[in-house]
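Enquirer: For the protein sequence lines, the chains are A and B, in the order given.
Mapping of the first sequence onto our numbering: position 183 corresponds to residue 183, and the numbering continues sequentially without gaps.
Numbers in our numbering are just positions in the second sequence, counted from 1, shifted up by 1000.
The C-beta atom is built at its ideal place from N, Cα and C for all residues, glycine as well.
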Amino acid sequence: MIFPVKMRPQAALWPVLLLLGACGHDAPTESSSGRTNPAATKATAGPVVAEAAGEAAKINQINVFVDMSGGMQGFVHPVEAGAAGSGFQQTVTELLSDVNAQRSRQAAPPAYYFFKEKTAADPRLLVPSTYADMTATISGGLRHAARGSELPEMLREALKRQAQHPGTVSLLISDFIFAPREKGETWKIKTFIKDALSELEASKLAVSVFANTSAYRGNFYPGNRTGPQPLNGEKVPYYIWVLGSPALVAQADAGLLHRLAAQPQAHYNVRFAPPYAVPDFLENPVGRWTVTTAAPGTAPLVTFVEKPSLGKPAEVVVALDLSKLAASQRSLLSVKTLRVAETEAGATLTEVVPLAQLPDARRQPVLSKYTHFARVRFVQAPAAATALHLELARTDPAWVAGYSTNSDSNIKAQGAKTFHLDEVLAGVADYFADEPSAQRVFSLPVQVVSRD
Amino acid sequence: MFQKIFTSLYEALLGLPEPAMLTQAFENSIFPGVGLATLFGISLIGALFFYLVLNRLLTTSLYQTKHWAVFLLLCAALAGGLAWYQAREVVYQVLTNRGVVIPAGSESAYSRYVLGFAMTNALFGALFFVLWSFAVKWLSPNGKVTPVRWPS
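Okay, here's the thing in structure tokens:
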């Protein structure tokens, strides 16, 4: 059979078009999902995977320690019908309820202890309690308040239990007024705290301190052991300390203690892992590079398609979501405090801007989940596949000075201050002084490799 | 393997993908997909249709070089169209999945690159058709000497 000549080109199209349609659609999807760059897979398989595995650690148990010395009595008076409890009662009751809600999710149910000093009549340091008993005490007052409590002993007891059961997070709730038995030893507060913490290795411990104030009614017992001063609703600080392994404390801070996120806080060796990414779709890209992320939670891999050089630098922007970080730490973020560590890639940090100052923010809605953008400039190609870490240096929190006093004999006139709080926290900082990971708030790896 | 071959082929003529954020989309999806479809789906089918269907099974009078040239142009046009369509489709898909848009400053670079890609693929479509012609023309009694007598 012979087709009319004019028909033929059209007829010829059909099989071609059919096949073309099939090929054109199947081939790309297969290659984009299945095949990955072998170099990319090799480079990401290293230390990043180990880090990701560490993040997955779970809290096995929560131990709650509440100070039951007479100095706490003023926070926990019985509340009259219709009146609101003190700030302490509200905050701690909510926290205990949150802790109690976790009981079925963890390997062991939470343990509750009252903490007091050792006396001849009762040589115990810890009085085991229950959730019901503890909440009743918080709302109804201490029935058998102890005369005092020693902060270092409380830390030691908490850490001992933690050493026995890895995966434990301890919450310490107290006014943290630490008055050494000998009045002349206040200059040693720092060392007392450091020694108490050395119960555990510094690399395995992290400490978060959340400060708060609450109305205080009744006798206030000053830390420099002068006579009690009656208060009637004046604010007195109390603190919640979180002790545990670095990753677990970060989890507890973001979860259990989220209600205190706006409070002044200090963190030591807590492994924060803010979400971050390297967006490659920003305006005016500098240099030629691409980004791949093997799986969520692993470090992004930047591949320089064209090797950066002095004349042709490349600039990679790292987007950070620091919304979960304490406001005090977030405000530290600048070109001066943020740094690029461990790089032989010749990378320097040139700029850190908040989301609002990024011109792309309006056009790229994806960017709105990040709060800060750090620009890293490369002037040479990385020798081999290396990882650079974007780190925020830890600084001593500024609020501590305002919460500290050397003499709390007249607390009524001084306002909400704690006896030698600065010394107490200096002891914690001293304990972590030789721990490199405690010198930074976070450390975010970015893999870099240049393609031949 | 195809990914590497086609990526080198296209980038040799076109340069690296523009903007750089689309490098993976081009190298992992568009280049191998379009390259394979052009090599087999357009040029091989085109050559087989010309030599086998028109000039063996049907023995039409369309065996001359000018008819062959029409098929050559047709392959080039189809290959160019496919590249244009597929590049835009895949890029659109990638951008949608990631929830981003091409930054304003890179839009013209992107348009230029896609246009260049379409042109390059048109060239490749024609080139592959020529190569396939020499490979399959012995199948056709009439078209044996189209477009040239060489090699038989």
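1) Looking at chain B, which residues of the region 269 to 284 of chain A have a Cβ within less than 7 Å of any of its Cβ atoms?
2) What does DSSP give as the partner residues of tyrosine 112 of chain A in its beta bridges?
3) Identify the contact partners of glutamine 364 of chain A in chain B, using a Cβ-Cβ distance below 9 Å as the criterion.
4) For the structure I just gave you, are there three or more beta carbon pairs, one from the region 278 to 290 of chain A and one from the region 302 to 311 of chain A, closer than 8 Å?
5) Is the beta carbon of arginine 377 of chain A less than 8 Å from the beta carbon of arginine 440 of chain A?
6) Using the C-alpha atoms, what's the distance from leucine 1074 of chain B back to glycine 1035 of chain B?
7) Mind pulling the chain C residues with CB within less than 8 Å of leucine 1013 of chain B?
8) Does DSSP put arginine 457 of chain A in a helix, a strand or coil?
9) If we cut at 8 Å on Cβ distances, does methionine 1021 of chain B have a partner in chain A?
10) Specify the secondary structure class of histidine 372 of chain A as computed by DSSP and reduced to three states.
11) Give every residue of the same chain whose Cβ lies closer than 6 Å to the Cβ of serine 1106 of chain B, excluding the five residues on either side of it in the sequence, and list them in chain order.
12) Could you pull the start and end residues of the beta strand (DSSP E) that threonine 350 of chain A belongs to?
13) Can you give me, in chain order, the residues of the region 292 to 308 of chain A that have a beta carbon less than 9 Å from any beta carbon in chain B?
14) Please name the residue in A:Ala179, A:Tyr112 and A:Tyr239 whose C-alpha comes closest to that of arginine 225 of chain A.
15) Taking Cβ-Cβ distances shorter than 9 Å, what residues in chain A pair up with glutamine 1064 of chain B?
16) So what does DSSP say about threonine 1059 of chain B, is it helix, strand or coil?
17) Quick one: which chain B residues come within Cβ less than 8 Å of aspartate 360 of chain A?
18) Determine, for leucine 1016 of chain B, whether the minimum Cβ-Cβ distance to residues of chain A falls below 8 Å.
19) For alanine 230 of chain A, collect the residues of the same chain with a Cβ closer than 8 Å to its Cβ; drop the 5 residues on either side in sequence, then sort them by chain order.
20) Which of the three DSSP states, helix, strand or coil, is assigned to lysine 307 of chain A?
21) Per DSSP, what kind of secondary structure is alanine 193 of chain A in: helix, strand or coil?
22) If we cut at 8 Å on Cβ distances, does tryptophan 289 of chain A have a partner in chain B?
23) Identify, in the order they occur along the chain, each residue of the same chain with its Cβ nearer than 8 Å to the Cβ of threonine 1120 of chain B, setting aside the five sequence neighbours on each side.
24) Relative to the alpha-carbon of threonine 418 of chain A, which residue among A:Tyr239, A:Glu351, A:Thr293 and A:Tyr276 has its alpha-carbon at the smallest distance?
25) Flag this pair as yes or no: are the beta carbons of threonine 337 of chain A and leucine 392 of chain A separated by less than 8 Å?
26) Under a three-way DSSP split, which group does asparagine 462 of chain A fall into?
27) Please classify asparagine 1028 of chain B as buried or exposed, where buried requires at least 16 other C-beta atoms within 10 Å of its C-beta.
28) Are there 16 or more other CB atoms within 10 angstroms of the CB of phenylalanine 1134 of chain B, so buried, or fewer, so exposed?
29) Mind checking serine 301 of chain A: buried by the 16 CB within 10 Å criterion, or exposed?
30) Using only CA atoms, which one of A:Pro264, A:Tyr131 and A:Tyr403 lies nearest to leucine 421 of chain A?
31) Around the C-beta of serine 174 of chain A, are 16 or more other C-beta atoms found within 10 angstroms, so that it is buried, or is it exposed?
32) Where alanine 261 of chain A and leucine 1095 of chain B are concerned, what is the direct C-alpha to C-alpha distance, given to the nearest angstrom?
33) Drop a sphere of 10 angstroms on the beta-carbon of arginine 181 of chain A, count the other beta-carbons inside from all chains shown, and report buried for 16 or more, exposed for fewer.
34) Can you tell me which of the three DSSP states tryptophan 1084 of chain B falls into?
35) Does DSSP put glutamate 1089 of chain B in a helix, a strand or coil?
36) Note down the Cα distance separating serine 149 of chain A from alanine 429 of chain A, rounded to an integer number of angstroms.
Expert: Let me lay it out:
1) The residues in question are Asp280, Phe281, Leu282, Glu283 and Asn284.
2) By one-based count along the first sequence, residue 112 of chain A stands at place 112. In DSSP, tyrosine 112 of chain A forms a bridge with A:Val64 and A:Ser129.
3) Residue numbering aside, residue 364 of chain A sits at position 364 when the first sequence is read from its first letter. Under a criterion of Cβ atoms nearer than 9 Å, the residues of chain B adjacent to glutamine 364 of chain A are, in order, Gly1099, Val1100, Val1101 and Pro1103.
4) yes
5) Position 377 of the first sequence, counted from the start, is the residue given in the question as residue 377 of chain A. Position 440 of the first sequence, counted from the start, is the residue given in the question as residue 440 of chain A. Taking 8 Å as the Cβ cut-off, arginine 377 of chain A and arginine 440 of chain A do not qualify as a contacting pair.
6) Position 35 of the second sequence, counting from 1, holds the residue named residue 1035 of chain B. Position 74 of the second sequence, counting from 1, holds the residue named residue 1074 of chain B. Spanning the two alpha carbons is a distance of roughly 17 Å.
7) No chain C is present in this structure, whose protein chains are A and B.
8) There is no way to answer for residue 457 of chain A, as the model of chain A reaches only from 1 to 452.
9) Against the second sequence, residue 1021 of chain B aligns to sequence position 21. Answer yes: the Cβ-Cβ gap between methionine 1021 of chain B and chain A drops below 8 Å somewhere.
10) Stepping through the first sequence from its first residue, residue 372 of chain A is reached at position 372. Reduced to three states, the DSSP call for histidine 372 of chain A is strand.
11) Mapped onto the second sequence, residue 1106 of chain B falls at position 106. Only Pro1019 meet the Cβ criterion.
12) In the first sequence, counting from the first residue as 1, residue 350 of chain A sits at position 350. Unbroken beta strand (DSSP E) run through threonine 350 of chain A: 347 to 354.
13) Thr292, Thr303, Val305 and Glu306
14) Stepping through the first sequence from its first residue, residue 225 of chain A is reached at position 225. Arginine 225 of chain A has its Cα closest to that of A:Ala179, out of A:Ala179, A:Tyr112 and A:Tyr239.
15) Counted from its first residue, the second sequence places residue 1064 of chain B at position 64. Those do not exist, as glutamine 1064 of chain B stays about 12 Å from chain A at its closest Cβ, beyond 9 Å.
16) As a first step, residue 1059 of chain B is located in the second sequence; it is residue number 59 there, counting from the start. In the structure shown, threonine 1059 of chain B sits in coil (DSSP, three-state: anything other than H, G, I, E or B).
17) Walking along the first sequence from the start, residue 360 of chain A turns up at place 360. Residues of chain B passing the Cβ test: Pro1103.
18) Within the second sequence, the letter at position 16 stands for residue 1016 of chain B. For leucine 1016 of chain B, the answer is yes, since a Cβ of chain A falls inside 8 Å of its Cβ.
19) By one-based count along the first sequence, residue 230 of chain A stands at place 230. The question names alanine, yet the displayed sequence has proline at residue 230 of chain A. Result list for proline 230 of chain A: Gly218, Asn219 and Phe220, in chain order.
20) Counting from 1 along the first sequence, the entry for residue 307 of chain A is found at position 307. It is coil, neither helix nor strand.
21) Residue mapping note: residue 193 of chain A aligns to position 193 of the first sequence, counting from 1. It should be noted that the sequence gives isoleucine, not alanine, for residue 193 of chain A. Three-state result, isoleucine 193 of chain A: helix.
22) On the first sequence, position 289 is the one that residue 289 of chain A refers to. Closer than 8 Å to some Cβ of chain B, the Cβ of tryptophan 289 of chain A qualifies, so yes.
23) Taking the second sequence and counting its residues from 1, the one referred to as residue 1120 of chain B is at position 120. Correct list, in chain order: Tyr1010, Leu1013, Leu1014 and Ala1083.
24) Position 418 of the first sequence, counting from 1, holds the residue named residue 418 of chain A. The option with the nearest alpha carbon to threonine 418 of chain A is A:Tyr239.
25) Numbered from its first residue, the first sequence carries residue 337 of chain A at position 337. Numbered from its first residue, the first sequence carries residue 392 of chain A at position 392. Cβ distance < 8 Å, so threonine 337 of chain A and leucine 392 of chain A count as in contact.
26) One cannot answer for residue 462 of chain A here, as it falls past the ends of chain A, which runs 1 to 452.
27) Numbered from 1 along the second sequence, position 28 holds the residue referred to as residue 1028 of chain B. Asparagine 1028 of chain B sits buried, since 16 or more C-beta atoms from the chains shown fall within 10 Å of its C-beta.
28) Position 134 of the second sequence, counting from 1, holds the residue named residue 1134 of chain B. Counting every other CB atom within 10 Å of its CB across the protein chains shown gives phenylalanine 1134 of chain B a total below 16, marking it as exposed.
29) The count along the first sequence starts at 1 and reaches residue 301 of chain A at position 301. For clarity, residue 301 of chain A is leucine in the given sequence; the question names serine instead. Buried.
30) Stepping through the first sequence from its first residue, residue 421 of chain A is reached at position 421. Comparing Cα-Cα distances from leucine 421 of chain A to each of A:Pro264, A:Tyr131 and A:Tyr403, the minimum goes to A:Tyr403.
31) Translated into the one-based positions of the first sequence, residue 174 of chain A becomes position 174. Buried is the call here.
32) Position 261 of the first sequence, counted from the start, is the residue given in the question as residue 261 of chain A. Position 95 of the second sequence, counted from the start, is the residue given in the question as residue 1095 of chain B. Rounded to whole angstroms, the separation of the alpha carbons of leucine 1095 of chain B and alanine 261 of chain A is 36 Å.
33) Translated into positions along the first sequence, residue 181 of chain A becomes position 181. Counting Cβ neighbours within 10 Å, arginine 181 of chain A comes out exposed, since fewer than 16 surround it.
34) Indexing the second sequence from 1 puts residue 1084 of chain B at position 84. Note: tryptophan 1084 of chain B maps to helix in three-state DSSP.
35) Residue numbering aside, residue 1089 of chain B sits at position 89 when the second sequence is read from its first letter. Glutamate 1089 of chain B: helix per DSSP, three-state reduction.
36) The sequence position of residue 149 of chain A within the first sequence is 149, counting from 1. The sequence position of residue 429 of chain A within the first sequence is 429, counting from 1. Spanning the two alpha carbons is a distance of roughly 22 Å.
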